[in-house]
Amino acid sequence: MADEQKPDKAMAGMLKHKSVWPLASTGEVCPDAATLAAYFDRSLTAAEISQCELHFSACLRCQEQLAALARSEPALVATPAVEKKPMISWLWDWRWMAPVGAAVVALVFFVSYKTIYVPSGPPRGEELMAKRKTATPVPAAAEQQKSAVSIPGRSETAADAGAETKSLSVPRKEKTRSELDELQRKNVAVASESARVAQTLKDKGVRSTAGASGSVTGRAMPKPAEEEKQFAAAENRVIAQPMAPAVSGAIPPGAQAAPAQGAAEGILGAQKQDRAITVADTKAPAATAPPEGKAQEQAALKKESAAGRQDAAGARFALEAGRPSASKLRTAPVELIVMAPNSKVLWRFGSAGRIEHSRDAGKTWETQISPVQESFLSGSAPSESICWVGGSNGVLLRTTDGGENWERIPAPTKGDIISVKASDQLNVTLIGADGRTYETRDAGAHWRAR
Amino acid sequence: MPGAEKLLEAHASRIDKLFQRALASASAFGGISRTQFVNALQRSVTSRFRDSTPTRADVATYLDSLYVEDLALASACREASESAWEHFVSRFRSDLYSAARAICRHDEAAARELADSLYGELFGAGRSGSEQGTGERRSLFDYFHGRSKLSTWLRAILSQRHVDTIRASKRTESLDDEQTEQEVSAIRASASGGSESDPDRARYLSLLQLALTAALGALPPRDRLRLAYYYVQELTLAQIGRLLGEHEATASRHLDRTRRELRKQVERALRAEKQLSDAQIRLCYEYAMEEWPFDLTRALSERD
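Protein chains in written order, with the numbering used here: chain A, 19 to 468; chain B, 130 to 433.
Encoded structure:
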C-alpha cells in the first residue's frame with residue numbers, strides 16, 4: 019500500500035469509532051421531533067440551523083435520529099440501487115468512451131457539414147420557395163377556429179381543457195445537420211400554411227401576429243452567415259407569401275389568427291425578443307389577390323416582408339407542440355414559459371435553473387429562487403399559485419405559493435422529463451424521455467407507470 | 130411573549146390568504162373551519178415564539194413559512210374528523226410503514242411494531258379525545274405546528290422512537306459517555322498485548338487518538354457533523370447532502386477538505402506538542418491501522 023494512503027486509512031478507521039468524537043455536555047437538551055423535522059425540511063431560520071448543528075455535531079443521539087430520518091426519506095429510499103454493470107463492463111467505461119464519442123460526434127458534424135451544407139444548385143431561398151409550392155394544403159379552417167394565438171382567446175380553450183396549462187418544449191438534444199434540414203422542410207410547410215391563413219385573415223380584415231411561422235422549440239445551431247441571410251430572407255418571404263385564394267367563410271371577422279389545430283396553451287419565447295403578448299388587431303389592409311408569376315410574387319413579398327419582419331420582432335407563439343422552427347434553431351437557447359389559467363400569471367424558466375415570474379402577462383418579471391441548476395423542459399400551472407416543472411436529469415419542481423418557494427419533488431425517472439401535466443398540487447402526469455408515462459396522486463410520494 | 134391572538138391580530142389579511150390555501154387543499158377531506166385554522170396557527174405561533182418577543186416581520190415570515198395544507202389536515206385529524214382521518218390514512222399510512230422499514234433497516238417485524246405504535250397513538254388519541262369530550266383533548270397532533278411537512282414530522286417521530294428504543298436496549302454497550310473512558314482504557318490495555326514489540330505502541334495510539342479528538346473538537350460544527358454522518362452514521366453522500374442542504378458533490382468536496390485539514394492538524398499536534406518525529410508519526414498510523422482496521426474500498430462501494 020502506498021505510504022500516502024496509510025494515514026488516510028488509519029484516520030478513517032479511527033473516525034468510525036465513537037470514542038474519538040467529542041461529545042455534548044449532558045446539560046444540553048436535544049431538539050424535539052418537530053424541530054428535527056423543520057431542520058430536515060430547511061424551514062428553520064439561519065440562526066436556528068446554526069444552533070441546532072452546533073448541538074448535533076456533538077450529540078450522538080441527535081445524529082442517529084437525523085441519520086434515521088435521512089434513510090427514511092422517500093426520494094433517497096426510492097433512488098434506484100446502483101445499476102448492475104453490464105457483463106462486459108469495460109465496454110461502458112467512460113474513460114475511453116468519452117474521447118471516442120467526442121471524436122465520432124466531431125467526425126459526423128464535419129462530414130455532414132461538408133456534404134449537406136456546401137451550397138450547390140439554386141440559392142437556399144429559391145429552393146425553399148420551390149419546396150413551399152409543393153407543401154401540403156392548410157387544414158380545415160373549422161379546426162383552426164378552435165385555437166387562438168392570442169392569450170385572451172386562450173382562456174376558453176383552457177377552460178374547456180379543465181383549466182390546464184401546457185407548456186411547450188422539446189428535449190434539448192443536439193440535432194445533426196440532416197435533422198435540422200428535415201425540420202426546416204417541415205417548418206416551411208407549417209410556415210406556408212400559416213402564411214396562407216394570415217393572408218386569409220388579411221382578406222377578412224384581421225391582422226395576425228408574427229407567430230404564424232409555426233411553433234418554436236429546439237435549440238439554436240450555428241450556421242454560416244451567408245446561408246443565415248438567405249434563409250432569413252426566404253423565411254420572411256415564406257411567412258408573408260399568400261399560398262392560395264382566401265378560404266371563404268373560414269375565419270369569422272375579428273377572430274384571432276389560428277394557425278393550426280390544438281394550439282398550444284403555453285408559449286415559447288426568444289431570449290432576446292420582446293415578450294409582450296400582442297393581440298390581433300382588426301386593422302384591415304387592402305385585400306390583394308395572390309400575385310401570379312415569380313416577379314409579381316417577389317414584389318408582393320417585398321411589400322409584406324417589412325410587415326413580416328416587424329411581426330417577427332414580436333413574441334413568437336408556439337402553435338403546435340414539437341414542431342420546431344428552423345429559424346429558432348439558429349437563435350439563442352429557447353426558454354420555457356408556462357401560463358396559468360388566468361393568462362396573467364406566467365413563469366419563465368431559463369438555463370441553469372433560472373426561474374422568473376410575471377403577474378401581468380409578461381410585462382414585468384421577477385426572479386424566483388430555484389433549488390436546482392438543471393435546464394427545464396416542460397411545465398404545467400393548474401392555478402395562479404401552483405406550478406409544476408420538469409427538466410433534465412429527472413428534475414421535478416413544484417410550487418404551491420406562486421413560486422415564493424420551489425420544492426424538489428422526487429421524480430420516477432432520472433432521465434429528462436419532457437412533458438408535465440398537472441391538475442392540481444397533488445395530481446400530475448409526466449412523460450419521460452424514454453417515452454414512459456408516470457402518474458402520481460400524492461405529489462410524488464408514489465408514482466405509477468403506465 | 131405577547132399572546133398569540135395579539136400577535137396574529139396584525140396579520141389578518143395574511144391569515145386570510147393562508148386560510149384560502151388551506152381550504153383549497155382541505156376540500157379533499159371535508160374542509161376546515163376558519164376558527165379551527167386560526168387556533169392551529171395560534172398554537173404554532175405560541176410554540177415558536179415561546180421564549181422571545183418577535184417583531185411583526187418575524188411573525189409574518191414565520192406564517193409564510195408554514196405548511197398550512199398539512200397544518201389544516203393535522204388540525205382536522207386532531208378534531209377527529211372522519212373524512213380527515215380517511216384522507217390521512219390514504220395519504221400517509223403506506224408512507225409511514227415504508228419509512229419505518231427504512232429506519233429499521235428492513236427488519237419487517239421491528240418496522241411494523243414501530244409504525245403500528247405510532248399510527249395507533251395518532252389514531253387512538255385523536256378519537257378517544259373526541260369520545261371522552263371532557264377537558265382539553267390531547268393528541269399527538271398537538272405537537273405538529275406546520276413548520277415542516279407532516280410526512281417529515283411523522284418520520285422524525287419514528288426516528289426518535291427507534292433510536293431511543295435502541296439506546297435503551299443497549300444501555301450497557303458503548304453508546305453512553307461513560308463508555309468512552311472504558312474504550313480508551315481497553316485500547317491502551319490491548320496495545321500492551323499486541324504482537325509488536327514496541328513498548329511505546331500504547332503511548333503512540335493514545336497520543337494519536339487524543340490529537341484526533343482535539344482536532345475534531347476544533348472543527349467547525351458543520352464539518353464535524355458531515356464527518357460524523359459519513360463515518361459514524363455511515364450515510365451516503367446524497368443523504369448527507371440532504372441533511373445539510375447541499376448537493377452531494379459539495380458534500381464530497383467538503384469531506385475531502387475536512388479530512389485533509391484534520392490530518393494536517395493531527396500531525397501538527399503530534400510534531401509540535403508531543404515532539405514526535407515523522408517516523409514516529411508514521412508508526413502511529415500503522416499501529417492505528419492494526420488497532421482499527423478500516424476497509425475503505427468496501428465502505429465506499431457499499432455506500433456511494
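Ideal Cβ placement from N, Cα and C applies to all residues, glycine included.
> Is it true that the CB of A/Leu448 sits closer than 8 Å to the CB of A/Pro430?
Replying inline: yes
> Where does the unbroken beta strand (DSSP E) through B/Gly346 begin, and where does it stop?
Replying inline: Not the beta strand (DSSP E): B/Gly346 falls in the alpha helix (DSSP H), residues Arg330 to Ala347.
> Count the other CB atoms within 10 Å of the CB of A/Asp378; is the residue buried (16 or more) or exposed (fewer)?
Replying inline: exposed
> Starting from A/Gln386 and walking both ways along the alpha helix (DSSP H), at which residues does that stretch end?
Replying inline: Taken as a continuous stretch (DSSP letters only), A/Gln386 belongs to no alpha helix (DSSP H), being part of the beta strand (DSSP E) at Glu384 to Gln386.
> For A/Ile427, which of A/Ser437, A/Glu402, A/His464 and A/Ser393 has the nearest alpha-carbon?
Replying inline: A/His464
> Smallest Cα separation from A/Lys3: which of A/Lys24, A/Ser401 and A/Ala370?
Replying inline: Residue 3 of chain A lies beyond the stretch modelled for chain A, which goes from 19 to 468, so this question has no answer here.
> Should the region 193-206 of chain B be called in touch with the region 147-163 of chain B, which here means at least 3 C-beta pairs below 8 Å?
Replying inline: yes
> Assuming B/His291 contacts A/Ala86 under a Cβ cut-off of 8 Å, what Cβ separation, rounded to an integer in Å, is found between them?
Replying inline: 6 Å
>> Just checking: is the beta-carbon of B/Glu415 within a distance shorter than 8 Å of some beta-carbon in chain A?
In response: yes
> So with Cβ pairs under 8 Å, would you call B/Leu354 a contact of chain A?
Replying inline: yes
> Using the rule of at least 16 other Cβ atoms within 10 Å of the residue's Cβ for burial, across every protein chain shown, is A/Ser61 buried or exposed?
Replying inline: buried
>> Using 8 Å as the threshold, is the C-beta distance between B/Phe166 and B/Ala201 below it?
In response: yes
> Near A/Ala370, which residues of its chain fall below 6 Å by C-beta distance, leaving aside the five closest residues on each side in sequence?
Replying inline: Gln391
>> Let's test the definition: count the other Cβ atoms within 10 Å of the Cβ of A/Met115 and tell me whether it reaches 16, buried, or not, exposed.
In response: exposed
> So which residues on chain A does B/Phe273 lean against when the C-beta distance must stay under 7 Å?
Replying inline: Ala52
> In whole angstroms, what separates the C-alpha of B/Gln409 from that of A/Leu33?
Replying inline: 20 Å
> Start and end of the beta strand (DSSP E) containing B/Ser219?
Replying inline: It is not in any beta strand (DSSP E) - B/Ser219 instead sits in the alpha helix (DSSP H) that spans Glu211 to Ile232.
>> My output table needs one value for A/Ser403: the three-state DSSP class, helix, strand or coil.
In response: coil
> Is any beta-carbon of chain A found at less than 8 Å from that of B/Val361?
Replying inline: yes
>> DSSP three-state label for B/Tyr248, please.
In response: helix
> Does DSSP put B/His235 in a helix, in a strand, or in coil?
Replying inline: coil
>> Give me the chain B residues within the contact set of A/Pro40, using Cβ-Cβ distance strictly less than 9 Å, ordered along the chain.
In response: Thr342, Ala343, Leu345, Gly346 and Arg353
> Around the C-beta of B/Gly374, are 16 or more other C-beta atoms found within 10 angstroms, so that it is buried, or is it exposed?
Replying inline: exposed
> Counting contacts by CB-CB distance shorter than 8 Å, is A/Gly408 in contact with chain B?
Replying inline: no
>> Could you compute how far the alpha carbon of B/Thr342 sits from the alpha carbon of A/Ala358?
In response: 56 Å
> List, in order along the chain, the chain A residues whose C-beta lies closer than 7 Å to that of B/Arg185?
Replying inline: The contacting residues do not exist; B/Arg185 stays about 16 Å from chain A at best.
> Anyone know if the C-beta pair for B/Val174 and B/Leu225 falls short of 8 Å?
Replying inline: no
> From the beta carbon of A/Lys439, is the nearest beta carbon of chain B less than 8 Å away?
Replying inline: no
> What's the call for A/Val356, buried or exposed, on a 16-neighbour Cβ count within 10 Å?
Replying inline: buried
> Anyone know if the C-beta pair for B/Leu399 and B/Leu405 falls short of 8 Å?
Replying inline: yes
> Is B/Gln149 buried or exposed, if buried means 16 or more other CB atoms sit within 10 Å of its CB?
Replying inline: exposed
>> Here's a check: name, in chain order, each residue in its chain whose Cβ is nearer than 6 Å to the Cβ of B/Thr426, leaving out the five neighbours to either side.
In response: Bear in mind that a pLDDT of 47 at B/Thr426, under 50, signals an unreliable position, so the number given afterwards is only what the model happens to contain. Closer than 6 Å at the Cβ level, and outside the excluded window around B/Thr426, lies no residue.
>> Quick check on the DSSP output: the beta strand (DSSP E) that includes A/Val438 runs from which residue to which?
In response: Ile435 to Ala440
>> Which of the three DSSP states is assigned to B/Glu377 in this structure?
In response: helix
> Below 8 Å between beta carbons: does that hold for B/Tyr359 and B/Leu384?
Replying inline: yes
>> For A/Gly368 and A/Thr458, I'd like the C-alpha separation in whole angstroms.
In response: 26 Å
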